[in-house]
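Below is one structure, written out as structure tokens, with a few remarks after it.
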Amino acid sequence: ASSVAKLAEKWKVKLALLGRSKLAEWPEGVPLTTDPVQITGALASSAKALGERVDFSAIQKQAQSLAGSAEVRMSLAELDARGIEAIYLTADVTSLEQVEAALDQIRETWGSIDGIVHGAGVLRDKSIADMTPDRVAEVFGPKVGGLGVLLEATQDDAIQLIALFSSIAARAGNAGQVAYAAANEVLNKVAASEAARRGDRCRVRSYNWGPWAGGMVDEALAAHFERQGIALLGVDAGAQFFVDELGLTGVGVERVVLAAPSFPATTQSFTLGGGEGDKKEIGSSDVAGLALRLGEALRPIGTMRAYLEDFVITLPGQEMAAGAHSVDVEPIVAAIPSYRLVFRDNDGAVHHETIVRYSENGAGSPPQVPSGGLEPWPLEVGTAYDTVLGTATDRRAILNLEGLSEEGGMALLRSAASLGWPMKDFVKGFDPAAFEGLLQLAELWTHQKAGAMQRLAGMGQMVVHSLETIPERMRSAFRARKTERGTLFDFIIATEEGDLVAELREVQFDAPGA
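The sequence shown maps to residues 251 to 764 in my numbering.
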């Protein structure tokens with residue numbers, strides 16, 4: 251929306267936006283936001299106020315739909331505030347019938363269609379081995395099929411501009427994006443063909459954009475680009491480039507657009523403690539809490555929140571050297587910087603690594619977890635601790651085991667305060683006892699369902715939500731998937747009222763000997 255808004259302001263054109271999202275009636279009491287986490291919390295609170303059962307799975311699906319609708323509403327409001335005349339029409343860009351009907355409405359309202367800006371696309375990342383014809387079709391449909399529909403539906407219009415939003419993936423490739431890269435390269439070649447066919451009467455561009463700080467490029471994909479040394483492109487800067495470049499003549503049809511790093515990266519090291527009397531072992535919950543505290547202190551923008559990614563355990567706690575621990579902080583240069591944190595013991599051996607990233611709306615939608623089809627656990631929580639986990643009394647963070655299946659389970663967790671742990675300067679919303687409770691829950695599930703207890707090896711992502719007060723009791727639901735190494739878990743922690751406390755994605759537990 252930012253790019254076409256700049257275009258409308260510069261060239262004084264009207265905008266007709268086409269999209270699949272329907273502008274359904276907005277629920278009362280739900281804030282207008284594109285953040286599905288906030289919407290989920292508001293819907294859960296409304297359900298509780300009405301005395302209804304909080305169904306996380308159903309609420310998450312509704313929140314996703316509303317988030318798409320909210321994006322359209324907010325875009326229209328922004329365009330109106332900038333004095334741009336715009337309308338929104340619901341149409342599936344892959345349907346010639348729906349697109350022709352929408353374009354007929356535009357012609358009846360404004361008289362002519364003069365240009366096309368095509369930015370539709372979806373991500374369905376999979377390795378080549380896991381790619382199927384249906385998944386390829388899902389990616390090619392809106393991007394390639396949609397372009398074909400738009401060109402056919404406007405063949406009788408005097409089109410003066412065709413601007414296609416392609417991707418750097420078409421040029422450099424990207425792990426898991428074989429279909430997406432191919433679809434964008436098709437856009438490039440169709441643009442070249444259209445430019446040759448239409449000549450000087452139509453300006454044609456295909457922009458191979460690098461990752462934007464927002465939009466369809468989610469946090470996980472942006473992080474992957476950054477690891478390749480490609481910075482995020484600011485929304486305002488990208489939109490301004492778009493309209494400025496469209497005004498140029500004598501340039502090529504296919505344009506590669508990347509953001510340039512603007513400052514040097516210097517690694518700094520900090521000591522976390524000192525002396526032979528210091529605690530020898532630092533647990534993963536300690537490291538996660540410290541990483542989030544550092545992340546909050548290094549926040550580039552006050553409204554953003556930190557989350558962890560690629561959390562890896564490289565040295566078991568019992569093998570750590572006694573004495574002071576340290577952390578190396580390595581900036582990862584990008585439009586929105588992030589930081590690689592490397593934790594070392596007193597001998598300099600690395601025991602944990604993680605990356606701190608930042609986002610306005612968290613790291614994406616909460617993971618989907620099972621909400622039904624659960625059976626009772628075959629043992630009580632006290633028996634589980636005594637006979638399976640062997641956890642010390644003051645570390646027992648599971649209050650009650652609520653349900654179990656081959657795909658996951660549910661439990662009630664206890665907070666650090668309820669266990670009498672010293673209340674350190676934790677990041678708002680982070681509770682180390684609840685974190686340890688998830689690990690204990692995963693160990694117990696692997697003992698019951700995988701035949702042997704597995705141990706934490708790392709996690710893909712952890713997001714905590716900034717609750718002012720952590721309740722003494724929290725509910726956790728999780729999904730489990732067996733892998734060659736062991737088991738991969740997705741967790742959510744929520745208050746009993748339905749407010750999200752934390753999300754953990756792709757938490758890897760390794761089987762013995764893995």
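Beta carbons are placed, not taken as given, at the ideal position from N, Cα and C, and that holds for glycine.
Checklist entry - Mind checking residue 731: buried by the 16 CB within 10 Å criterion, or exposed? => result exposed
Item to check | Per-residue burial, residue 719 [other beta carbons within 10 Å of its own, 16 or more giving buried] | outcome: Burial call: exposed.
Next on the checklist: Could you tell me the alpha carbon to alpha carbon distance between residue 450 and residue 491, rounded to whole angstroms?
Outcome noted: 22 Å
Next on the checklist: Could you tell me the alpha carbon to alpha carbon distance between residue 647 and residue 534, rounded to whole angstroms?
Outcome noted: 15 Å
Item to check | As assigned by DSSP and simplified to three states, the class of residue 746 | outcome: coil
Checklist entry - Counting pairs of beta carbons, one from the stretch 555-565 and one from the stretch 575-584, are three or more of them closer than 8 Å? => result no
Checklist entry - With burial defined as no fewer than 16 other Cβ atoms inside 10 Å of the residue's Cβ, what is the status of residue 235: buried or exposed? => result With the chain represented from 251 up to 764, any question about residue 235 goes unanswered, as that position is not in the structure.
Item to check | Run of the beta strand (DSSP E) containing residue 581, from where it starts to where it stops | outcome: 576-582
Next on the checklist: Whether or not the stretch 662-679 and the stretch 711-728 are in contact is what I'm after, with contact meaning three or more pairs of Cβ atoms, one per stretch, closer than 8 Å; do they touch?
Outcome noted: yes
Next on the checklist: Which residue marks the beginning of the beta strand (DSSP E) containing residue 560, and which one marks its end?
Outcome noted: Per DSSP, residue 560 belongs to the beta strand (DSSP E) from 555-563.
Checklist entry - Which residues in the same chain as residue 526 place their Cβ atom closer than 7 Å to its Cβ, once the five residues preceding and following it in sequence are excluded? => result With a pLDDT of 42 at residue 526, under the threshold of 50, the modelled position of this residue cannot be trusted; read the value that follows with caution. 572 and 573.
Item to check | Continuous beta strand (DSSP E) assignments of at least 3 residues falling wholly in the stretch 261-306 | outcome: Listed in chain order, the complete beta strand (DSSP E) runs (minimum 3 residues) inside the stretch 261-306 are 265-269.
Checklist entry - Quick one, which of 521, 713 and 742 has its alpha-carbon nearest residue 621's? => result 742
Checklist entry - Closest to residue 436 by CA distance: which of 463, 504, 486 and 259 is it? => result Here the closest residue by C-alpha is 504.
Item to check | Enclosing beta strand (DSSP E) for residue 505 [first to last residue] | outcome: 504-507
Item to check | Span separating the alpha-carbon of residue 717 from that of residue 678 | outcome: 6 Å
Item to check | Residues of its chain near residue 411, where Cβ-Cβ distance is below 6 Å and the 5 sequence neighbours each way are ignored | outcome: Only 365 and 453 meet the Cβ criterion.
Checklist entry - Of all the alpha helix (DSSP H) runs that stay within the bounds of the stretch 380-445, which reach a length of 4 or more residues? => result Counting whole runs of 4 or more residues, the stretch 380-445 contains the alpha helix (DSSP H) stretches 383-390, 396-403 and 419-422.
Checklist entry - Can you give, in chain order, each stretch of the alpha helix (DSSP H) that sits fully within the stretch 586-658 and has at least 4 residues? => result 631-634
Checklist entry - Hey, quick one: how far does the beta strand (DSSP E) through residue 459 stretch, first residue to last? => result 453-459
Item to check | Close-in-space but distant-in-sequence residues of the same chain around residue 262 (CB under 8 Å, 5 per side omitted) | outcome: none
Item to check | Identity of the residues DSSP links to residue 705 by a beta bridge | outcome: 760
Checklist entry - If you draw a straight line from the C-alpha of residue 319 to the C-alpha of residue 596, how long is it? => result 53 Å
Item to check | Contacting residues, own chain, Cβ-Cβ under 6 Å from residue 757 (five flanking each side not counted) | outcome: If the five residues before and after residue 757 are omitted, its C-beta is found closer than 6 Å to the C-beta atoms of 709 and 739, all from its own chain and listed in chain order.
Checklist entry - Taking C-alpha atoms, which residue in 745, 692, 689 and 255 lies nearest to residue 715? => result 745
Checklist entry - For residue 313, which three-state DSSP category applies? => result helix
Checklist entry - Does the beta-carbon of residue 199 have 16 or more other beta-carbons within 10 angstroms, so that it is buried, or is it exposed? => result Coverage of the chain is limited to positions 251 through 764, which leaves residue 199 absent and any answer about it impossible.
Next on the checklist: Less than 8 Å between C-beta atoms, sequence neighbours within five positions excluded: which residues of the same chain meet that for residue 310?
Outcome noted: 286, 290, 615, 616 and 618
Item to check | Residue of 542, 379 and 703 minimising C-alpha distance to residue 763 | outcome: 703
Item to check | Reduced DSSP secondary structure (H/G/I, E/B, other) of residue 524 | outcome: Unreliable placement is indicated for residue 524, whose pLDDT of 46 sits below 50; no coordinate value is reported for it.
Next on the checklist: Across the stretch 293-308 and the stretch 255-275, are there enough close Cβ pairs to call them in contact, namely three or more that are closer than 8 Å?
Outcome noted: No contact exists between the stretch 293-308 and the stretch 255-275.
Checklist entry - Where do the ends of the beta strand (DSSP E) carrying residue 340 lie? => result 336-340
Checklist entry - In its own chain, which residues sit with a C-beta less than 7 Å from the C-beta of residue 773, not counting the 5 before and 5 after it? => result Shown here, the chain extends from 251 to 764; a query on residue 773 therefore has no answer.
Item to check | residue 226: first and last residue of the uninterrupted alpha helix (DSSP H) it sits in | outcome: The structure shown does not extend to residue 226, since the chain is modelled only from 251 through 764, so no value can be given for it.
Checklist entry - From residue 634 to residue 752, what does the alpha carbon distance come to, in whole angstroms? => result 24 Å
Checklist entry - Could you give the C-beta distance for residue 506 and residue 421, rounded to a whole number, given that I count them as a contact under 8 Å? => result 6 Å
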